[in-house]
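Protein chains in written order, with the numbering used here: chain A, 26 to 366; chain B, 16 to 101.
By construction, the Cβ of each residue, glycine as well, lies at the ideal position given by its N, Cα and C atoms.
In this text the structure is predicted, and so the values were computed from the model without any measurement.
Here the structure comes first, spelled out in structure tokens, and everything after it is commentary.
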């Protein structure tokens with residue numbers, strides 16, 4: 026049984042099934058953008074957002090009955106920032122983290138009942154230079170390993186803390202900046218789209234950036250470009266299946282034209298840590314698909330299952346580590362979040 | 016008592032349904048009473064500065080109101096569903 030939570034512009038949906046037999050439930054939170062799902066120790070969380078009514082978090086033990094949490098992450102009154110969206114939850118086993126827009130990081134020690142801002146990052150000395158990208162000024166990726174934390178913020182860059190979140194350093198050497206003018210290398214302005222790391226060697230990180238695919242072996246001190254075999258630099262997806270070490274990405278034509286190259290929707294995979302990339306498996310449509318896969322719209326279980334959702338509202342899944350792919354379920358609204366629960 | 020009526024989209028954030036009886040002599044006081052019963056509604060109606068969110072309209076007895084406006088013992092407060100956007 027595979028269970029896929031799908032967050033769309035208009036509500037959330039749960040897909041449950043095996044092979045060709047899938048049941049759909051929903052919409053959850055009708056009318057709301059559902060921006061993130063997460064499994065936590067005592068159930069599940071869903072983040073919702075609205076252009077008019079702000080953000081909220083809901084909790085469930087069964088994915089059917091949901092209750093609102095009273096105090097989602099909030100900026101202080103004098104911060105001059107809006108809580109636009111909760112992009113991602115991350116559970117490190119002790120603390121729950123939330124990456125949000127306007128860009129920031131919050132943490133909870135009580136399963137999301139109360140949240141504290143991570144001031145060392147949120148009030149970083151470079152904060153006044155942070156500028157939004159096309160998707161807004163959003164923190165959207167969190168990796169944790171003991172006292173080390175990596176956070177990706179668009180269009181600012183990757184930050185790393187080695188002291189549990191008290192102090193943070195920018196880690197973007199080797200990455201091309203976005204929209205920089207002149208010869209001086211800016212301190213911020215690096216548009217990270219996705220991060221994935223090696224659980225046994227957490228400083229080995231792969232990064233789908235606005236300007237290409239990169240990897241680091243030293244926690245982000247140095248990045249190298251690894252695009253061999255990819256048809257485009259741009260994209261949002263990077264996923265590592267930890268059981269096999271296989272990497273997955275979904276290239277898009279360009280920043281200006283965020284659709285599969287030539288309309289050819291394909292996942293690409295690498296079996297050598299990103300040195301070389303090739304189309305992953307079979308099952309892809311022959312007809313053009315001018316649709317994108319966004320930065321929150323994919324997830325896997327680390328044991329060969331990997332799902333993604335498109336801006337055209339389709340969900341795709343492999344259950345055999347990318348050897349075969351199939352489209353599941355109905356056509357949903359624009360998909361922004363996918364989680365295997 | 017003052018009646019507060021909420022749009023259907025706020026149902027997931029309101030454990031007690033879409034109609035509430037509250038007390039208060041101003042819109043702000045009535046909403047404070049509502050938030051004491053339904054705390055998850057607060058961030059959906061008020062912004063970080065404690066003002067009514069910029070695209071949220073609240074009417075008291077058929078007239079658009081701000082937080083300091085008075086409400087009567089039998090007033091009806093209506094939070095409107097947004098009419099703009101996709």
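- Contact note: residue 79 of chain A reaches chain B through 58, 59, 62, 68, using a C-beta cutoff of 8 Å and chain order.
- The continuous alpha helix (DSSP H) containing residue 144 of chain A extends over residues 144-147.
- Within chain B, no C-beta atom comes nearer than 8 Å to that of residue 159 of chain A; the closest sits roughly 17 Å away.
- Residue 63 of chain B is positioned such that its CB atom lies closer than 8 Å to that of residue 99 of chain A.
- Contact between the segment 335-354 of chain A and the segment 27-44 of chain B is absent: fewer than three C-beta pairs spanning the two stretches fall below 8 Å.
- Collapsing the DSSP output to three states places residue 28 of chain B in a helix.
- Neighbours of residue 80 of chain B in chain A, taken as residues at a C-beta separation under 9 Å, are lacking, since the least C-beta distance is about 17 Å.
- Sequence-distant partners of residue 240 of chain A (beyond 5 residues in either direction) whose C-beta falls short of 8 Å from its own C-beta, in its chain, are 229, 230, 231, 232, 248, 249, 251, 298, 299.
- For residue 341 of chain A, DSSP records a beta bridge to A:333, A:352.
- The segment 213-299 of chain A is shown to contain whole beta strand (DSSP E) runs of 3 or more residues at 217-223, 226-234, 237-241, 264-266, 271-274, 293-295, in chain order.
- When secondary structure is reduced to three states using DSSP, residue 96 of chain A falls in the coil class, being assigned neither helix nor strand.
- Linking residue 222 of chain A to residue 168 of chain A through their CA atoms gives a straight-line distance of about 8 Å.
- In this structure, the beta-carbon distance from residue 226 of chain A to residue 136 of chain A does not fall below 8 Å.
- Sixteen is the threshold: when 16 or more other Cβ atoms of the shown chains lie within 10 Å of the Cβ of residue 271 of chain A, as they do, the residue is buried.
- Among the CB atoms of chain A, none fall inside 8 Å of the CB of residue 83 of chain B.
- In terms of Cβ geometry, residue 320 of chain A and residue 165 of chain A form a close pair [threshold 8 Å].
- In this structure, residue 89 of chain B keeps its C-beta atom at 8 Å or more from the C-beta atom of residue 81 of chain A.
- Assigned with DSSP and collapsed to three states, residue 154 of chain A falls in helix.
- Under the three-state reduction of DSSP, residue 87 of chain B is assigned to coil, being neither helix nor strand.
- For residue 42 of chain B, no CB of chain A lies under 8 Å from its own CB, so it is not counted at the interface with that chain.
- Boundaries of the alpha helix (DSSP H) harbouring residue 50 of chain B: 42-52, taken from the DSSP string.
- Counting C-beta pairs with one atom in each stretch, the segment 277-295 of chain A and the segment 253-262 of chain A have three or more that are closer than 8 Å, which means they touch.
- Look at residue 313 of chain A here: in three-state DSSP terms it is coil, with no helix or strand label.
- Residues of chain A with a Cβ closer than 9 Å to the Cβ of residue 19 of chain B do not exist; the shortest Cβ-Cβ separation is about 15 Å.
- Taking C-beta atoms as the reference points, residue 94 of chain B and residue 22 of chain B count as a pair closer than 8 Å.
- Residue 58 of chain B: not part of any beta strand (DSSP E); member of the alpha helix (DSSP H) spanning 57-60, first to last residue.
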